[in-house]
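*Asks:* Chains as they are written, first to last, in the numbering used here: chain C, 599 to 860; chain H, 6 to 275.
Every residue gets a Cβ at the ideal spot worked out from N, C-alpha and C, and that includes glycine.
Before we start, here is the structure in question, set down as C-alpha cells.
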Amino acid sequence: MLKQAIANLGNRTLQGVGRIGFAVRFFVAILLHSGTAFRRLGLTIREMYFSGVQSLIIILVSGLFVGMVLGLQGYETLQTYGSEEALGILVAMSLVRELGPVVAALLFASRAGSAITAEIGLMKATEQLSAMEMMAVDPVARVVAPRFWAGVISMPLLAGLFSAMGIFGGYLVGVQLIGVDEGAFWSQMQNAVDFEQDILNGVIKSVVFGIAITTIALFEGYDAPPTAEGVSGATTRTVVTSSLAVLALDFVLTAFMFRGLG
Amino acid sequence: MQHDNLVELENVAFSYGARPVLKGINLTAKRGQVIAIMGSSGCGKTTLLRLIGGQIKAGQGQVRVAGTSLNALDQPALYRLRRKMGMLFQFGALFTDMPVYDNVAFPLREHTDLPETAIRDMVRMKLHAVGLRGAAQMMPAELSGGMARRVALARAIALDPQLVLYDEPFAGLDPISLGVIGNLIRRLTDTLGLTSVVVTHDVQESLKIVDYVYFVSDGVIVAEGTAAEIRASTLPYVHQFVHGEADGPVTFHYPAPSYTDDLRLGGRSA
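Laid out in C-alpha cells, this is it:
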C-alpha cells in the first residue's frame with residue numbers, strides 16, 4: 599500500500615516536471631517561430647480581432663462597474679477623514695496600478711484564453727494540425743505564434759481601456775451622483791498619477807499577464823488529449839491555471855515595482 | 006533520378022513504448038499504382054501510413070520515399086519532401102474556420118507566390134476534378150461526410166504531389182459516396198500520374214480499384230498480391246477478412262477466463 603502510494607507520488611511528480619519541461623520548450627518554439635506572425639501581419643490582426651475586439655464588451659462593462667463601485671466605496675471611506683476630493687486619486691491609482699491589469703487579465707483568461715484552448719484542442723482532435731504538418735506547414739508558426747502575439751498585444755490595450763472605463767465610472771458616481779467637486783477630482787488625479795511609476799508599471803504588468811495567459815492557453819490546447827473530455831478538461835485548466843498565474847505574478851511584480859513607495 | 010518504386014519499406018519495426026506495433030514490414034509502391042494496406046482495426050495500418058508520411062520515425066529498418074530515406078531527415082528536409090506528398094485524413098481534417106475554396110487554396114498560398122487569379126483557376130480545376138466546383142463558397146460544417154472527403158482530396162492534390170496517402174477513405178460513407186471516392190482515387194491516380202497508398206478495412210470497395218494489396222496482421226504482412234489473387238486466396242485469415250466471417254483465425258471472443266468459471270458454475274456441470 600505505502601509503496602504503491604510513494605510510487606504514485608513519484609509518477610505524478612515526474613509527469614508534472616515533464617509537462618513543465620514541455621511547456622517551456624513550447625514557449626521557446628513559439629518565440630523561434632514568430633517570424634510568420636510578423637511577416638504576415640494579417641494572421642496576427644485576425645487573431646487580435648478574435649481575442650481582443652471580441653473581449654471588448656465584457657472588459658468595458660466590467661471596467662465601468664468596478665469604477666462605479668470604487669467611487670461609492672472610496673467616497674464612503676474618504677469622507678470619514680474629510681478628504682472626499684482625493685476620490686479621483688483613489689479611483690485612478692487603484693485602477694491603473696492594480697485593478698486594471700489584474701481584473702482585465704482575469705476576464706481575458708476566461709473569455710479569450712478558454713476560447714483559444716478549445717479552438718486549438720479541437721483543431722488537434724480533428725487532425726487539422728496534423729493535416730497542416732502533412733502540407734509542410736508548421737502549425738506552431740501558422741496557428742500558434744499569431745495567437746500568442748495577438749494576445750500579448752491585446753492584453754495591455756484591454757487593460758488600458760478597462761482602467762479608462764473604470765475612471766469614467768468613478769467620475770459618474772463620485773462627481774455626478776454624489777457631488778464631489780469636479781475640478782478637485784480631476785486635478786488631484788492628474789497631480790498624483792505618475793506616468794512612469796504608475797501607468798508604465800501597469801502596462802508592464804499587463805504585458806506579462808498577456809504572455810502568461812496566452813502561453814498557458816495555447817499550451818493546454820496543444821497538449822490536450824484529442825477527445826471531448828480532453829478538450830473540456832484543458833479549457834478548465836486554462837482558466838484556473840492562468841487566473842492563479844496572474845494573481846501570483848501580480849504579487850511578485852508589485853513587490854518589485856512598489857516596494858517602499860507610498 | 007527516377008526510381009521505379011516511389012515508396013519502399015525495408016524491414017521496418019515500430020513500437021509505442023514497450024508495445025510493438027510493427028515487426029519487420031517490407032512493402033513497396035511502384036509509381037502510378039494504387040496499393041492498399043488492409044487489416045483489422047488496431048493492426049498497425051495507420052502507423053504504417055504515419056511512417057510513410059514521416060509523422061513518426063521507424064524504430065528499425067528503412068522508410069524511403071522518392072529515393073530519400075526518412076530516418077535521418079531534419080524538419081526542413083522533411084517539409085521539402087512533404088511538398089511531394091498529399092494526405093487524405095479519415096474525416097477530411099478540413100480547416101473548419103475557412104470555406105471550401107480557402108481550404109483548397111491553403112497549400113497554394115502557403116507554398117507558392119502565385120497571384121490570386123492563378124490560385125483561383127487552380128482551385129477551380131482541383132474542385133472540378135472532385136465534382137465540387139459549385140460548393141466553393143460552402144463552409145466545411147455544411148458538407149456531408151463524402152463531400153468533405155472530396156474537398157480534402159482536392160486539397161491533398163492542390164500542389165500536384167507524386168504520392169497521396171489515404172487514411173480510411175471509405176470509413177462511414179454511404180454506398181454512393183463510397184463508389185464516388187473509390188473512382189476518384191483510381192481516376193486521379195491515372196490522370197495525374199500519382200501513386201496512391203490506401204489504408205483501409207473496406208475489402209469490397211478497395212479490391213475494385215487497387216493494383217496491389219498488403220494484408221497486415223499483428224504487425225507483420227501475412228499476405229500480399231493483386232486484387233484477383235487476394236480474392237482467390239485460401240489463407241484462413243485472408244479468407245475470413247475478405248468474406249467478413251465472424252469467427253476464424255480472428256476469434257469472436259476476446260481472450261477471457263473460462264466462461265463457467267466466470268459465472269461461478271465451478272463444481273456444477275455447465
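Of all the residues that make up the stretch 95–117 of chain H, which are near chain C by a beta-carbon distance shorter than 9 Å?
*Replies:* Gln95, Phe96, Gly97, Ala98, Leu99, Phe100, Thr101, Asp102, Phe111, Pro112, Glu115, His116
*Asks:* Taking the runs of the alpha helix (DSSP H) that are 4 residues or longer, which of them lie wholly in the stretch 680–735 of chain C?
*Replies:* List check, alpha helix (DSSP H) in window: 685–691, 698–706, 712–723, 726–732.
*Asks:* Just curious, the alpha helix (DSSP H) that Asp126 of chain H is in, first and last residue?
*Replies:* 121–134
*Asks:* Does the structure place the stretch 88–97 of chain H close enough to the stretch 162–171 of chain H that three or more beta carbon pairs sit under 8 Å?
*Replies:* yes
*Asks:* Tell me which residues share the same chain as Ala635 of chain C and place their Cβ nearer than 6 Å to its Cβ, disregarding the 5 neighbours each side in the sequence.
*Replies:* Thr642, Ala743, Pro744, Trp747
*Asks:* Classify Ser45 of chain H as helix, strand or coil using the three-state DSSP reduction.
*Replies:* coil
*Asks:* In chain H, what lies closer than 8 Å to Gln726 of chain C by C-beta?
*Replies:* Ordered by position in chain H, the residues that pass the 8 Å Cβ test against Gln726 of chain C are Ala98, Leu99, Phe100, Thr101.
*Asks:* In three-state terms, what does DSSP make of Ile214 of chain H?
*Replies:* DSSP, read as helix, strand or coil, puts Ile214 of chain H in coil.
*Asks:* Suppose contacts are defined by Cβ-Cβ distances below 9 Å. Is Ile656 of chain C in contact with Leu693 of chain C by that definition?
*Replies:* no
*Asks:* Which residues, taken in chain order from the stretch 55–71 of chain H, show a beta carbon closer than 8 Å to some beta carbon of chain C?
*Replies:* Gly58, Gln60
*Asks:* Quick check on DSSP: helix, strand or coil for Ala251 of chain H?
*Replies:* coil
*Asks:* Which residues, in chain order, does the stretch 81–92 of chain H contribute to contact with chain C at a C-beta distance below 9 Å?
*Replies:* Leu83, Tyr84, Arg85, Leu86, Arg87, Arg88, Met90, Gly91, Met92
*Asks:* According to the Cβ coordinates, are Val750 of chain C and Val805 of chain C closer than 9 Å?
*Replies:* Cβ distance < 9 Å, so Val750 of chain C and Val805 of chain C count as in contact.
*Asks:* Going by C-alpha to C-alpha distance, which of C:Leu720, C:Ala690, C:Met733 sits closest to His116 of chain H?
*Replies:* If we check each option's Cα against that of His116 of chain H, C:Met733 comes out closest.
*Asks:* Nearest chain H C-beta to Gly860 of chain C closer than 9 Å, yes or no?
*Replies:* Note that Gly860 of chain C scores 47 on pLDDT, short of 50, meaning its location in the model is unreliable and no value can be drawn from it.
*Asks:* Below 6 Å CB to CB, which residues in the same chain sit around Glu13 of chain H once its five sequence neighbours on both sides are set aside?
*Replies:* Thr33, Arg69
*Asks:* Assuming contact is defined by CB atoms lying nearer than 9 Å, are Ser761 of chain C and Leu697 of chain C in contact in what I supplied?
*Replies:* yes
*Asks:* Determine the chain H residues that contact Val735 of chain C at a beta-carbon separation under 7 Å, and present them in chain order.
*Replies:* The contacting residues are Glu115.
*Asks:* If you reduce the DSSP assignment to three classes, tell me which class Tyr259 of chain H lands in.
*Replies:* Looking at Tyr259 of chain H - three-state DSSP - the assignment turns out to be coil, as it is neither helix nor strand.
*Asks:* Determine, using beta carbons only, whether Arg637 of chain C comes closer than 9 Å to chain H.
*Replies:* Taking CB atoms only, Arg637 of chain C has no neighbour in chain H less than 9 Å away.
*Asks:* For Pro754 of chain C, does the count of other Cβ atoms within 10 angstroms reach 16, so buried, or fall short, so exposed?
*Replies:* The residue is buried, with at least 16 neighbouring Cβ atoms inside 10 Å.
*Asks:* Please name the residue or residues paired with Ala228 of chain H in a DSSP beta bridge.
*Replies:* In the DSSP output, where bridge partners are listed per residue, Ala228 of chain H has H:Phe220.
*Asks:* Quick check: the Cα distance between Val844 of chain C and Arg695 of chain C, rounded to an integer number of angstroms?
*Replies:* 14 Å
*Asks:* Are the stretch 203–210 of chain H and the stretch 17–35 of chain H touching, with three or more C-beta to C-beta distances below 8 Å?
*Replies:* no
*Asks:* How many Å lie between Leu654 of chain C and Glu147 of chain H at the Cα?
*Replies:* 30 Å
*Asks:* Under the rule that 16 or more other beta-carbon atoms within 10 Å means buried, what is Gly126 of chain H, buried or exposed?
*Replies:* The sequence shown places Asp at residue 126 of chain H, rather than the Gly named in the question. Asp126 of chain H is exposed by the Cβ-count criterion.
*Asks:* Have a look at Leu847 of chain C and Phe807 of chain C and give me their C-alpha separation to the nearest angstrom.
*Replies:* 8 Å
*Asks:* Could you say which of C:Leu798, C:Tyr769, C:Tyr647 lies nearest to Gly661 of chain C if we only look at CA atoms?
*Replies:* C:Tyr769
*Asks:* In the structure shown, what three-state DSSP assignment does Ile40 of chain H receive?
*Replies:* strand
*Asks:* For Lys280 of chain H, which three-state DSSP category applies?
*Replies:* Since the first and last residues shown for chain H are 6 and 275, residue 280 of chain H lies out of range.
*Asks:* Measuring only the C-alpha atoms, how far is Thr200 of chain H from Tyr259 of chain H?
*Replies:* 37 Å
*Asks:* Give every residue of the same chain whose Cβ lies closer than 8 Å to the Cβ of Ala153 of chain H, excluding the five residues on either side of it in the sequence, and list them in chain order.
*Replies:* Taken in chain order, the residues that qualify are Phe96, Gly97, Leu99, Pro145.
*Asks:* Tell me, please, whether the CB atom of Arg160 of chain H is closer than 9 Å to any CB atom in chain C?
*Replies:* yes
*Asks:* Which one or two residues does DSSP pair with Asn10 of chain H in a beta bridge?
*Replies:* H:Lys35
*Asks:* Quick check on Arg617 of chain C: buried or exposed, where buried means 16 or more other Cβ atoms within 10 Å of its Cβ?
*Replies:* Burial check for Arg617 of chain C: the Cβ neighbour count within 10 Å stays below 16, so the residue is exposed.
*Asks:* Our contact map puts Leu78 of chain H next to Gly64 of chain H with C-beta atoms below 8 Å; I'd like the distance itself, whole angstroms only.
*Replies:* 16 Å between Cβ atoms; not a contact.
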